[in-house]
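Asks:
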Amino acid sequence: SVTFNTIINGLCKGGQINLAMEFLEETVRKGLCTNAGTYSSVIHSLCKNSRFSSALRVTDLMISKNIRPNDCLMTTLMSGLCLLNKQSEARKLYHLLQSKGYNANIVTSNAFIYGLCKAGNMQEALSLFKNMLDKGVGVDTFSYNGLIYGYCKEDRLEAGFKLKEEMVKRGYSPDIITYSLLMHGLCNKGKIDESLALWHECKTSFVPDVNLYGVIINGFCNAEKIEEAWNFFEMMLRHNIKPN
RNA sequence: GCAAUUGAAUGGA
3 SVTFNTIING LCKGGQINLA MEFLEETVRK GLCTNAGTYS SVIHSLCKNS
53 RFSSALRVTD LMISKNIRPN DCLMTTLMSG LCLLNKQSEA RKLYHLLQSK
103 GYNANIVTSN AFIYGLCKAG NMQEALSLFK NMLDKGVGVD TFSYNGLIYG
153 YCKEDRLEAG FKLKEEMVKR GYSPDIITYS LLMHGLCNKG KIDESLALWH
203 ECKTSFVPDV NLYGVIINGF CNAEKIEEAW NFFEMMLRHN IKPN
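Mind the numbering: the first sequence is residues 3 to 246 in this note's numbering, read in order.
#1: May I have the straight-line CA-CA distance separating Thr8 from Ala127, to the nearest angstrom?
#2: If we require 4 or more residues per run, which alpha helix (DSSP H) segments fall completely within the region 109-161?
#3: With the cut-off set at 8 Å, would you say Lys67 and Val30 are in Cβ contact?
#4: Sorted by chain position, which residues of the same chain lie with C-beta nearer than 8 Å to Glu203's C-beta, five sequence neighbours on each side aside?
#5: Name the two residues that bound the continuous alpha helix (DSSP H) containing Gly33.
#6: Ignore the nearest five residues each way along the sequence and tell me which others in Cys177's own chain have a CB closer than 8 Å to its CB.
#7: Are the beta-carbon atoms of Ala113 and Ser81 separated by less than 8 Å?
#8: Between which two residues does the alpha helix (DSSP H) containing Gly216 stretch?
#9: Could you pull out every residue in the same chain whose Cβ sits closer than 8 Å to the Cβ of Leu188, ignoring the five residues on either side in sequence?
#10: Can you give, in chain order, each stretch of the alpha helix (DSSP H) that sits fully within the region 6-79 and has at least 4 residues?
#11: Within the same chain, show all residues whose beta-carbon is closer than 8 Å to that of Cys14, passing over the 5 residues directly before and after it, in chain order.
#12: Leaving out the 5 sequence neighbours to the left and right, which residues in its chain are closer than 8 Å to Gly122 when beta-carbon positions are compared?
#13: Just confirm the distance between the C-beta atoms of Leu34 and Ile10, as a whole number of angstroms; I'd bet it's less than 8 Å.
#14: The alpha helix (DSSP H) spanning Thr180 covers which residue range?
#15: So, using beta-carbon positions, are Phe54 and Leu95 closer together than 8 Å?
#16: Taking the C-alpha atoms as reference points, what is the distance between Thr78 and Ser111?
#17: Closest to His241 by C-alpha separation, out of Met124, Val212 and Ser101, would be which residue?
#18: Classify Pro71: buried if its beta carbon has 16 or more other beta carbons within 10 angstroms, exposed otherwise.
#19: Nearest CA to the CA of Gly16: which residue from Phe235, Cys74, Glu91 and Asn51?
As structure tokens, then:
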């Protein structure tokens, strides 16, 4: 199976997903071994390319073969549903897994947190978060970023900042994505100065990437501070970061 | 030994 998976994964990563699907279907037709990894690879690539109906087809094939799920596969499915904003399907998957004794690990749970936040369901996201702590699954920077993402989407920046403090207290460092989320939220509220202050704070720990430059440049543009936007653009070039 | 979760913008309908 690992040999098949390696080939299939190679095809997927090389953009030959159709070939990978054919190969998978042929492998199944011939009755050769497939496992969770084979399907996970293909489903993940299909979702990444927004080919959700194909992803569902492969998922059906997988179910018909009674594949035993593992952590990676569960995350792939959860994440795919969340990308589609299928909140209730994601919840169904989560509870199905729990009921069968496949408890969602931290990665799968983080994917679900993200999906709930994306769908604007902060209440359930927070209770899931609390559950992760209570059940010993644990939380990490991804979990916090998911919640902060949700709060920023709802324009509840104070709550987002509170979480940033809480994560530090708990021993999880904010990462560049945490900063990007909060800076973006501030910019959306027209608080470009505060966003800039965060930028400086971020720079004490991280090298700004193209995305972070994008956030601040866009913020200045929307605030009609084109000079500042240019300054950051040129700064980005000086730091050898390729514009996208 | 292979596969899994988080950030920006623009345009189209």
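Quick reminder that beta carbons are idealized off the backbone N, C-alpha and C, glycines included.
Replies: Well, looking at it:
#1: Distance between the alpha carbons of Thr8 and Ala127: 35 Å.
#2: For secondary structure counted as the alpha helix (DSSP H) over 4 or more consecutive residues, the region 109-161 holds these complete runs in sequence order: 124-136 and 143-155.
#3: One thing to note: Lys67 has its Cβ within 8 Å of the Cβ of Val30.
#4: Cβ contact annotation for Glu203 (same chain, cutoff 8 Å, sequence separation greater than five): Tyr181, in chain order.
#5: It is not in any alpha helix (DSSP H) - Gly33 carries neither H nor E in the DSSP assignment.
#6: First, the residue type needs correcting, since residue 177 is Asp and not Cys in the sequence shown. Closer than 8 Å at Cβ, skipping near neighbours: Thr143, Asn147 and Phe208.
#7: Yes, the pair counts as a contact, with Cβ atoms nearer than the cut-off.
#8: DSSP places Gly216 inside the alpha helix (DSSP H), whose first and last residues are Val212 to Asn224.
#9: Cβ contact annotation for Leu188 (same chain, cutoff 8 Å, sequence separation greater than five): Leu159, Ile194, Glu196, Ser197, Leu200 and Gly221, in chain order.
#10: Complete alpha helix (DSSP H) runs here, min 4: 19-31, 38-50 and 54-66.
#11: Hits under 8 Å: Ala22, Ser43, Val44, His46 and Ser47.
#12: Same-chain partners within the cutoff: Gly152, Lys155 and Glu156.
#13: That belief does not hold up - the Cβ atoms of Leu34 and Ile10 are roughly 12 Å apart, past 8 Å.
#14: DSSP places Thr180 inside the alpha helix (DSSP H), whose first and last residues are Ile178 to Asn190.
#15: Taking 8 Å as the cut-off, the Cβ atoms of Phe54 and Leu95 do not count as close.
#16: Approximately 11 Å, taken between the alpha carbons.
#17: The candidate whose alpha carbon is nearest that of His241 is Val212.
#18: Label assigned to Pro71: buried.
#19: Distance from the Cα of Gly16 is smallest, within the candidate group Phe235, Cys74, Glu91 and Asn51, for Asn51.
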